[in-house]
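Note that the working numbering has the sequence shown beginning at 13, numbered continuously upward. All C-beta atoms in this analysis are idealised placements derived from N, C-alpha and C, irrespective of residue type, glycine included. The model shown is predicted, which means the values in this text are computed figures rather than measured ones. Comments concern the structure below.
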Amino acid sequence: MASTASTVLLAAGTTGCQAIQPLQAAQTRPDVLSAPIGDQKVQDGGSLVMALSAEPDRLDPTTSSSLYTRYVMQTMCQKLYDIDDKGALVPQLATAVPAISPDGLTVTIPVRGDAAFADGTKFTADAVRITLERGLTLKGSGRKSELGPISSVKALDDTHVEITYKKPFAPLAAALADRAGMILSPKALTEEGTAFGDHPVCVGPFKFVNRIPQTSITIQRDPLYYDAKNVHLDSITYRIMTDANIRAANLRSGDVQVADSISPQDVDALMQQKGVGVLQVGSLGYQGLTVNLGNTAGVGKPYGRIETPLAQNALVRQALSMAIDRKALINTVFNNWYEPACSPIAPSSPFASPASNACPEFNPATSRQLLQQAGVQTPYPLSMVVSNTPDSLRFAQALQATVAEGGFALTIKPVEYSTLLDQQNRGDFSLLQLGWSGRIDPHGNMFNFLSTGGGNNGSGYSNPEMDRLLTDASQTNDAAKRAELYGKAVTKVQQDNPIIYLYRIRSLTAYSSKVAGIETFQDGVVRLSGAAFVNGQKG
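Here it is, written out as structure tokens:
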């Protein structure tokens, strides 16, 4: 189990006869992870507004799947662990890294004794037990496969939790540095049940106030927070602004102080503007195409059979992957700010390997040959669901043009981001373009998506060899062995192509120089808990 900081990623696979080439290094850009307060005078109070590029889903860490939900929950629901600016695991509601028995089956986590939930109830090890058990048993939980083969969870006393495993599980600490480790108020869970996300209650610098659907979410400073003296803002409002141009305009006008997901079309101009700063960091995640192979009843339900060549014939999916000129698309559409990706393992990961860095060759002539070999008529029709943001549509249109040369006729179906998530979960798609913000351990980027019954397996993909590779990788602490296993999993995923990996974003967050203390790390989450107004400027 991950008892020390680990930066791990996920794996995918290669095809039998296609040429494989190494992924070329992207243009090097320096990471800017924070707008530090430094020696600036910090004002106590004020209301900060952040422009959010998509509406979060349900504010319930057990069931949510949206990056934008993580933005909001980060300020309200602390986790047992977090990551720092170097991607290392650090205790948050835990007080130390897990203690692991020699056989790897018993994990003991010490937790804080000085914290309280926003509803006034005391934070204890039993609250951790209740939250983890909810993650394992709640219908629709996206956390079950993240937590691994847990046999039991018990509170040894108020400040120690003991987790017993059926088999060793290396990614636990990394999983507890994300939604699985956000500890929920037992009182609120009892009162709200499955409606917890309507009024979430956790331990955090801020607490939930209200939500206006499709418009905004407001939180306010929690006086019960154990470190309240270091929280500066009175409130934060996350205002939904799906158009990147509108987010940039509102930042320039001063109506918002922070804006996420700045478009590569706008970022160069914003970086030259007085009074505006830009944070930037490479992503652990990916953007890709999810192919529906068997998701006929919804994620988590038994898989069915989809009678299309795309779903039934790996040659068609291989042809689609080879019809995509990743490098040209990224450079053209995103002004060279993003980088191509052919795997869920970032090249910067210590678990990267030649196998995980390998990229299917762009070869439209071979793509057409594979379609002919598969016995399908060309151009082969595809219908792709995509988010209706300008950048996503621009990329989809460029993709439409490039795959045409390889024998595909791509139809684009733009929808709202929340609708996109819903269609993915229901299996209401043939091909879907969506991304994942990334986790520090490969298990968090692969197992949920590629294992049979995984909590985010929107493809309905099931392959015993993949299940074995991912399970074996999670049960060893040997970093070299894990890298080897994940490399083999990448090779397998590129043979089967339930997900066709396309590119990695560079997280671009713009902010007004009137505020400081904003951070964004490799997990893609914008952190506002320590933000403050400076130079006498209050919201």
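query = Buried or exposed: which applies to R317, given that a residue is buried once 16 or more other Cβ atoms fall within 10 Å of its Cβ?
reply = R317 is exposed by the Cβ-count criterion.
ask   = Out of curiosity, what's the CA-to-CA distance linking S361 and P110?
value = C-alpha of S361 to C-alpha of P110: approximately 22 Å in a straight line.
message = Suppose the cutoff is 6 Å on Cβ atoms and the five residues either side in sequence are ignored; what does the same chain contact list for A37 look like?
response = Interpretation of A37 is limited by its pLDDT of 44, a score under 50 that renders its predicted location unreliable; no figure is taken from the coordinates.
ask   = Helix, strand or coil for L35 per DSSP?
value = In this predicted model, L35 has a pLDDT of only 48, less than 50, meaning its place in the structure is not dependable enough to derive any value.
task = Name the residue from K199, P180, K219, V119 whose alpha carbon lies nearest to the alpha carbon of A167.
result = The residue with the shortest Cα to Cα distance from A167 is V119.
request  = With a threshold of 16 other CB atoms inside 10 Å of the CB of N222, please say whether the residue is buried or exposed.
outcome  = N222 is classed as exposed because its beta carbon has fewer than 16 other beta carbons within 10 Å across all chains shown.
task = Run the CB neighbour count on G50, radius 10 Å, all protein chains shown included, and call it buried at 16 or more, exposed below.
result = G50 comes out exposed.
message = One question on the structure: do N262 and D278 come within less than 8 Å of each other, judged by their Cβ atoms?
response = In this structure, D278 does not lie closer than 8 Å to N262 by Cβ.
Contiguous beta strand (DSSP E) assignments of at least 3 residues, all confined to the segment 194-239 = Runs of the beta strand (DSSP E) inside the segment 194-239: 218-224, 228-233.
task = Taking only the alpha-carbon atoms, compute the straight-line gap between S525 and K178 and give it to the nearest angstrom.
result = Each residue's Cα considered, the two are about 51 Å apart.
ask   = With contact counted as at least three CB pairs below 8 Å, one residue from each stretch, are the segment 202-218 and the segment 232-242 in contact?
value = These segments touch.
query = Under a Cβ-count criterion, where at least 16 other Cβ atoms within 10 Å of its own Cβ denotes burial, should K91 be classed as buried or exposed?
reply = K91 comes out buried.
request  = Label R41 either buried or exposed according to how many other C-beta atoms from any shown protein chain fall within 10 Å of its C-beta, with 16 as the threshold for buried.
outcome  = That one is exposed.
query = Are the beta-carbon atoms belonging to G193 and Y93 less than 8 Å from one another?
reply = In contact: G193 and Y93 (Cβ atoms closer than 8 Å).
task = Within the segment 482-549, note down every full alpha helix (DSSP H) run reaching 4 residues or more, in order along the chain.
result = Segments of the alpha helix (DSSP H) lying fully in the segment 482-549: 491-508.
query = What separation, rounded to the nearest whole angstrom, lies between the Cα atoms of R539 and T254?
reply = Between R539 and T254, the C-alpha separation is close to 19 Å.
request  = Within 10 angstroms of the Cβ of G287, are there 16 or more other Cβ atoms? Answer buried if so, exposed if not.
outcome  = Around the Cβ of G287, a 10 Å sphere holds fewer than 16 other Cβ atoms; the residue is exposed.
query = Cα separation between Q155 and G456?
reply = A small fix is needed here, since residue 155 is Arg in this sequence, not Gln. In a straight line, the C-alpha of R155 is about 10 Å away from that of G456.
key: Where G450 falls, given that 16 or more other Cβ within 10 Å makes a residue buried   = Per the 10 Å Cβ criterion, buried.
Residue range of the beta strand (DSSP E) that includes E145 = Premise fails: E145 lies in the alpha helix (DSSP H), 137-149, not in any beta strand (DSSP E).
message = Once the 5 residues before and after A421 are set aside, which same chain residues still bring their CB inside 6 Å of it?
response = Same-chain partners within the cutoff: P391, P393.
key: Within 8 Å, strictly: CB atoms of L482 and L462   = Against a cut-off of 8 Å, the Cβ pair of L462 and L482 comes out as a contact.
H455 in three-state terms, based on DSSP = DSSP, read as helix, strand or coil, puts H455 in helix.
query = Regarding K151 and the ligand COA, is the C-beta to nearest heavy atom distance less than 7 Å?
reply = The ligand content of the structure shown is nil, which means the ligand COA is not present either.
task = Specify, as a first and last residue, the run of the beta strand (DSSP E) that Y350 falls within.
result = Segment: none, Y350 is in no beta strand (DSSP E) and carries neither H nor E.
request  = Would you identify the three-state DSSP class for E417, choosing helix, strand or coil?
outcome  = DSSP, read as helix, strand or coil, puts E417 in coil.
message = Tell me which residues share the same chain as R406 and place their Cβ nearer than 6 Å to its Cβ, disregarding the 5 neighbours each side in the sequence.
response = Answer for R406: V345, listed in chain order.
key: Of the residues G470, K219, S157, Q86, the one placed nearest P183, counting alpha carbons only   = Taking only the C-alpha atoms, the option nearest P183 is S157.
request  = Would you kindly report the start and end of the unbroken alpha helix (DSSP H) that includes K339?
outcome  = Counting along the chain, the alpha helix (DSSP H) containing K339 begins and ends at 338-345.
message = Can you confirm whether the segment 50-60 touches the segment 133-140 when touching is taken to mean that 3 or more C-beta pairs between the two stretches lie within less than 8 Å?
response = Too few Cβ pairs lie closer than 8 Å, so no.
inquiry  = For E428 and L117, what's the separation of their Cα atoms in angstroms?
reply    = Whole-angstrom Cα-Cα distance: 44 Å.
request  = Give the DSSP-derived three-state secondary structure of G25 in the structure shown.
outcome  = Bear in mind that the predicted position of G25 carries a pLDDT of just 32, short of 50, making it unreliable; the figure below should be weighed with that in mind. In this structure, G25 counts as strand in the three-state DSSP scheme.
query = Okay, do the segment 466-474 and the segment 430-442 touch, 3+ Cβ pairs below 8 Å being the bar?
reply = Yes, since at least three Cβ pairs between the segment 466-474 and the segment 430-442 fall closer than 8 Å, the two stretches touch.
inquiry  = When you compare the CB positions of A631 and M478, do they come within less than 8 Å of one another, or not?
reply    = Coverage of the chain is limited to positions 13 through 551, which leaves residue 631 absent and any answer about it impossible.
key: Cβ shell of D169 (< 7 Å), same chain only, five flanking positions each side left out   = Close CB contacts of D169 within its chain, under the 7 Å cut and outside five residues either way in sequence, are with A137 (chain order).
query = With a Cβ-Cβ cutoff of 8 Å, do R518 and A358 count as a contact?
reply = No, Cβ-Cβ distance for R518 and A358 is not below 8 Å.
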